[in-house]
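Asker:
Protein chains: 2
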Amino acid sequence: MGLKLRVNPGIAALLTAVLLASTVARAEDVLPSWREGPARDAIIAFVGAVTKEGADSYVPPVERVATFDNDGTLWSEQPVYFQLLFALDRIRALAPQHPEWKDTEPFKSAISGDMEGLKAGGMDGLMKIVAASHTGVTADEFAAAARTWLGASRHPQTGKPYTEMVYQPMLELLDYLRANEFSVFIVSGGGIDFLRVFAEEVYGVAPEQVVGSTLEAHFELRDGIPVIVRDAKVSLIDDKAGKPVGIYRHIGRRPIFAAGNSDGDLQMLQYTTIPRSSADTRPRFGLIVRHTDAEREYAYDRQSAIGKLDQALDEAPRRGWLVVDMKKDWRTVYPGA
Amino acid sequence: MGLKLRVNPGIAALLTAVLLASTVARAEDVLPSWREGPARDAIIAFVGAVTKEGADSYVPPVERVATFDNDGTLWSEQPVYFQLLFALDRIRALAPQHPEWKDTEPFKSAISGDMEGLKAGGMDGLMKIVAASHTGVTADEFAAAARTWLGASRHPQTGKPYTEMVYQPMLELLDYLRANEFSVFIVSGGGIDFLRVFAEEVYGVAPEQVVGSTLEAHFELRDGIPVIVRDAKVSLIDDKAGKPVGIYRHIGRRPIFAAGNSDGDLQMLQYTTIPRSSADTRPRFGLIVRHTDAEREYAYDRQSAIGKLDQALDEAPRRGWLVVDMKKDWRTVYPGA
Chain A
1 MGLKLRVNPG IAALLTAVLL ASTVARAEDV LPSWREGPAR DAIIAFVGAV
51 TKEGADSYVP PVERVATFDN DGTLWSEQPV YFQLLFALDR IRALAPQHPE
101 WKDTEPFKSA ISGDMEGLKA GGMDGLMKIV AASHTGVTAD EFAAAARTWL
151 GASRHPQTGK PYTEMVYQPM LELLDYLRAN EFSVFIVSGG GIDFLRVFAE
201 EVYGVAPEQV VGSTLEAHFE LRDGIPVIVR DAKVSLIDDK AGKPVGIYRH
251 IGRRPIFAAG NSDGDLQMLQ YTTIPRSSAD TRPRFGLIVR HTDAEREYAY
301 DRQSAIGKLD QALDEAPRRG WLVVDMKKDW RTVYPGA
Chain B
1001 MGLKLRVNPG IAALLTAVLL ASTVARAEDV LPSWREGPAR DAIIAFVGAV
1051 TKEGADSYVP PVERVATFDN DGTLWSEQPV YFQLLFALDR IRALAPQHPE
1101 WKDTEPFKSA ISGDMEGLKA GGMDGLMKIV AASHTGVTAD EFAAAARTWL
1151 GASRHPQTGK PYTEMVYQPM LELLDYLRAN EFSVFIVSGG GIDFLRVFAE
1201 EVYGVAPEQV VGSTLEAHFE LRDGIPVIVR DAKVSLIDDK AGKPVGIYRH
1251 IGRRPIFAAG NSDGDLQMLQ YTTIPRSSAD TRPRFGLIVR HTDAEREYAY
1301 DRQSAIGKLD QALDEAPRRG WLVVDMKKDW RTVYPGA
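So the protein sequences, as listed, match chains A and B.
Here the first sequence is numbered in my numbering, starting from 1 and rising by one per residue.
Here the second sequence is numbered in my numbering, starting from 1001 and rising by one per residue.
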């Protein structure tokens, strides 16, 4: 700029103090919904290590990539994934235009809400539900339908809007990482476009920082208007071994922090935390949210059909992943509780 | 924070002046490698309109998405795409491990540098070159090979490193947009992982802001080390109608600014600039770099095999896209020239 300034040393010191005061929060202000104890301490110690300039453990801000699973990690996933409930409601809404559905599986079970009938249809049936409820429309039409559903629907057990069934301690963790110059991404088995409808408002995660299962799509000028049309073909199942692929495809950097809650997150945790060589001594953090709180949320792990946590739980001690015990480690679960 | 400060009003005024001086550059400091005239004026007027708080034309920062093609828009693309030169050099480097290549097309032509022979093989031959040169290795191995090549190779005509054949006026445009709180993305027909090797250093564009043609990949633990392996299957050709799909997939927001130079960018320009309805009055900007400078760079458009600009040039006046005349509108082409 060529701009010269003479600043009184006293003022310079004052300015420095103000800047420090506004960026360095006191330890007790951090993660207030986490109970004091080893889980909270481990997170704070890791963030302290990677942000400490001059230390061997320091990681430059551009490389502070953190990835979070969504279902069961940022919001609840019981009795079934919320996006499946959206799909079923959408099948019901579209049923009048498809009279043949009332005699055809899996639509017949979807319309009547027969979960056992749906399960009997297996993955094949599920893909038909996804195709019928999620494709053949434009991107804007799909986003509008998801937005309307999220605004109007309530959870069958809690009666809450789904977007209020997010975990307050995890919202604080997202904020804490961002305050320490992490880039925070969602990496979910759920649909990327469903997530993008609420991720920015609810989690502060911008659309371009959402990675999820992805359908093929195509572009066209429809009556002269540019539209993206969603096709009934899968581009990426962003689950299990698909998660590191989604990270590679969308982020192009290996995270230094990953959080999940099920075996669907196992490979993301491995990809994030296992050193690439003996020279790779960069600090890395793996976190597993364990659902241990039948009273405030749900309790499930090794035997659950949704969010099964088994192999990742076995690997956690060996890999040094932090297993968060929801009941013990979290002061509150949902916001405003 | 509960922190109270008493600041001398004179100091407050000084601080305000310093802050303003460092963020609001004077008009003549902006885009210095662009000659004064209608092209530069149009860009500055657009940025002024979308950043003017309170105006109807105002666009909030999170929605200020700008997308740039790479080949022919940010760096040169003649005599052929630089990534193709990388692919051919890599075929030559790998040839000793594949003695059968010396008698098999398209490898025979690739090894001898016979461009006519390569052309005769068409798209089929090209895909074999891509598969042999770009797949079957891990993501890290591929990035290392591309990095080494970019560091060691020189352009056959200018003798410059490829990363110095970027357009200084466009680098200034990227910076100018970022200074005005735009998010700048590359959306290229070139390979996403090739681009990511140099985009951050050369363009200031982070890996997660690069969209490009994408191969399938898979994750594995190889001898206990997590790796991404590049597969010989295309996930996305990020060119022509694929560009809006790449934008939808990676960014999840419609840009308000797009820049390209060829018919490969036509659909991205349409997607960015055509209003979705009569109520959609948001300002939008389409920019085409026209290669008119045989002396300082290259001159080509409607008849060129590489970077053909024909249909998009015909549409430009009707759509209101700015056609930048490289020879007339740019004071310099390459940095340091």
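Think of the CB as a built atom: it goes at the ideal place given N, C-alpha and C, for glycine as much as any other residue.
Using the beta-carbon count (16 or more within 10 Å), is Thr1073 (chain B) buried or exposed?
Answerer: Buried, since its Cβ has 16 or more Cβ neighbours within 10 Å.
Asker: Where does Lys328 (chain A) sit, in a helix, a strand or coil, going by DSSP?
Answerer: It is helical.
Asker: In the DSSP assignment, the alpha helix (DSSP H) including Thr148 (chain A) goes from what residue to what residue?
Answerer: Start and end: Ala139 to Ala152.
Asker: What's the gap between the Cα of Gly121 (chain A) and the Cα of Glu105 (chain A)?
Answerer: C-alpha separation (whole angstroms): 8 Å.
Asker: Answer with buried or exposed for Ser262 (chain A), where buried requires no fewer than 16 other C-beta atoms within 10 angstroms of its C-beta.
Answerer: Buried is the call here.
Asker: Bridge partners of Leu174 (chain A), per DSSP?
Answerer: Leu174 (chain A) is not bridged to any residue.
Asker: What's the C-alpha gap between Arg1290 (chain B) and Asp1310 (chain B)?
Answerer: Near 11 Å, if we compare the C-alpha coordinates of Asp1310 (chain B) and Arg1290 (chain B).
Asker: In terms of residues, what are the limits of the alpha helix (DSSP H) holding Glu216 (chain A)?
Answerer: Careful: Glu216 (chain A) lies outside any alpha helix (DSSP H), inside the beta strand (DSSP E) at Val210 to Arg222.
Asker: Tell me the rounded alpha-carbon separation between Thr273 (chain A) and Arg284 (chain A).
Answerer: Approximately 5 Å, taken between the alpha carbons.
Asker: Taking Glu141 (chain A) as the reference, which of A:Gln267, A:Arg230 and A:Leu177 has the closest Cα?
Answerer: Here the closest residue by C-alpha is A:Arg230.
Asker: Rounded to whole angstroms, how far is the Cβ of Ala312 (chain A) from the Cβ of Leu269 (chain A), which I believe are closer than 8 Å?
Answerer: Between Leu269 (chain A) and Ala312 (chain A) the Cβ distance is about 6 Å, and since that is below 8 Å, they are a contact.
Asker: Does the beta-carbon distance from Ser1213 (chain B) to Leu236 (chain A) come in below 9 Å?
Answerer: No, these two residues do not count as a Cβ contact at 9 Å.
Asker: Assuming Pro1207 (chain B) contacts Ile251 (chain A) (C-beta within less than 8 Å), just tell me the rounded distance between them.
Answerer: The Cβ separation is near 7 Å, so the contact holds.
Asker: Rounded to a whole number of angstroms, what is the C-alpha to C-alpha distance between Lys1243 (chain B) and Asp1265 (chain B)?
Answerer: So the two alpha carbons sit approximately 7 Å from each other.
Asker: Could you list the residues in the segment 103 to 135 of chain A with a C-beta less than 7 Å from some C-beta on chain B, going in chain order?
Answerer: Under the 7 Å Cβ criterion, the segment 103 to 135 of chain A contributes no residue.
Asker: Nearest to Asp1193 (chain B) by alpha carbon, out of B:Asp1238, B:Ser1153, B:Glu1116 and B:Pro1161?
Answerer: The shortest C-alpha separation from Asp1193 (chain B) is found at B:Asp1238.
Asker: Going along chain B, which residues have a C-beta under 7 Å from Thr382 (chain A)?
Answerer: The structure shown does not extend to residue 382 (chain A), since chain A is modelled only from 1 through 337, so no value can be given for it.
Asker: For Arg1331 (chain B), collect the residues of the same chain with a Cβ closer than 6 Å to its Cβ; drop the 5 residues on either side in sequence, then sort them by chain order.
Answerer: Cβ neighbours of Arg1331 (chain B) beyond the five flanking positions: Ser1033 and Arg1035.
Asker: Per DSSP, which residues does Thr73 (chain A) bridge with? Please list them.
Answerer: Its beta-bridge partners do not exist; DSSP assigns none.
Asker: Given that a residue counts as buried once 16 or more other Cβ atoms are within 10 Å of its Cβ, and exposed if not, what is Ala139 (chain A)?
Answerer: The residue is buried, with at least 16 neighbouring Cβ atoms inside 10 Å.
Asker: Would you say Ser76 (chain A) and Tyr300 (chain A) are within 9 Å of each other, going by their C-beta atoms?
Answerer: The answer is no: Cβ separation not under 9 Å.
Asker: Taking its Cβ as the centre, do 16 or more other Cβ atoms sit within 10 Å of Thr1067 (chain B), making it buried, or is it exposed?
Answerer: The residue is buried, with at least 16 neighbouring Cβ atoms inside 10 Å.
Asker: May I have the straight-line CA-CA distance separating Tyr1058 (chain B) from Arg1254 (chain B), to the nearest angstrom?
Answerer: Between Tyr1058 (chain B) and Arg1254 (chain B), the C-alpha separation is close to 16 Å.
Asker: Under the three-state reduction of DSSP, which class applies to Thr1273 (chain B): helix, strand or coil?
Answerer: Correct three-state label for Thr1273 (chain B): helix.
Asker: Where do the ends of the beta strand (DSSP E) carrying Leu1287 (chain B) lie?
Answerer: That run of the beta strand (DSSP E) goes Phe1285 to Thr1292.
Asker: Tell whether a beta-carbon distance below 9 Å holds between Ala87 (chain A) and His155 (chain A).
Answerer: No.
Asker: Does the pairing of the segment 38 to 54 of chain A with the segment 317 to 332 of chain A give three or more beta-carbon distances under 8 Å?
Answerer: In short, these stretches touch, since the Cβ pair count reaches three.
Asker: Identify each residue in the segment 1227 to 1241 of chain B for which the Cβ-Cβ distance to at least one residue of chain A is less than 7 Å, and report them in chain order.
Answerer: Going along the segment 1227 to 1241 of chain B in chain order, one finds Ile1228, Ser1235 and Ala1241 with a Cβ nearer than 7 Å to chain A.
Asker: Under the assumption that Val210 (chain A) contacts Leu195 (chain A) (Cβ atoms under 8 Å), give the Cβ distance between them as a whole number of angstroms.
Answerer: The Cβ separation is near 5 Å, so the contact holds.
Asker: Would the beta-carbon of Ile306 (chain A) fall within 9 Å of that of Val130 (chain A)?
Answerer: Not a contact, by the Cβ cut-off of 9 Å.
Asker: Restricting to Cα atoms, I'd like to know which of A:Ala55, A:Val184, A:Ile256 and A:Gly136 is closest to Asn70 (chain A).
Answerer: Asn70 (chain A) has its Cα closest to that of A:Val184, out of A:Ala55, A:Val184, A:Ile256 and A:Gly136.
Asker: So, with DSSP's three-state summary, where would you put Gly48 (chain A)?
Answerer: Helix.
Asker: Do His98 (chain A) and Ala132 (chain A) have their CB atoms nearer than 9 Å?
Answerer: Yes.
Asker: Which residues mark the beginning and the end of the alpha helix (DSSP H) in which Ser112 (chain A) is found?
Answerer: Where Ser112 (chain A) is concerned, the enclosing alpha helix (DSSP H) stretches over Phe107 to Ser112.
Asker: Taking the CB atoms as reference points, tell me whether Leu362 (chain A) and Glu172 (chain A) lie closer together than 9 Å.
Answerer: Only positions 1 to 337 of chain A appear in the structure, and residue 362 (chain A) is not among them; the question remains open.
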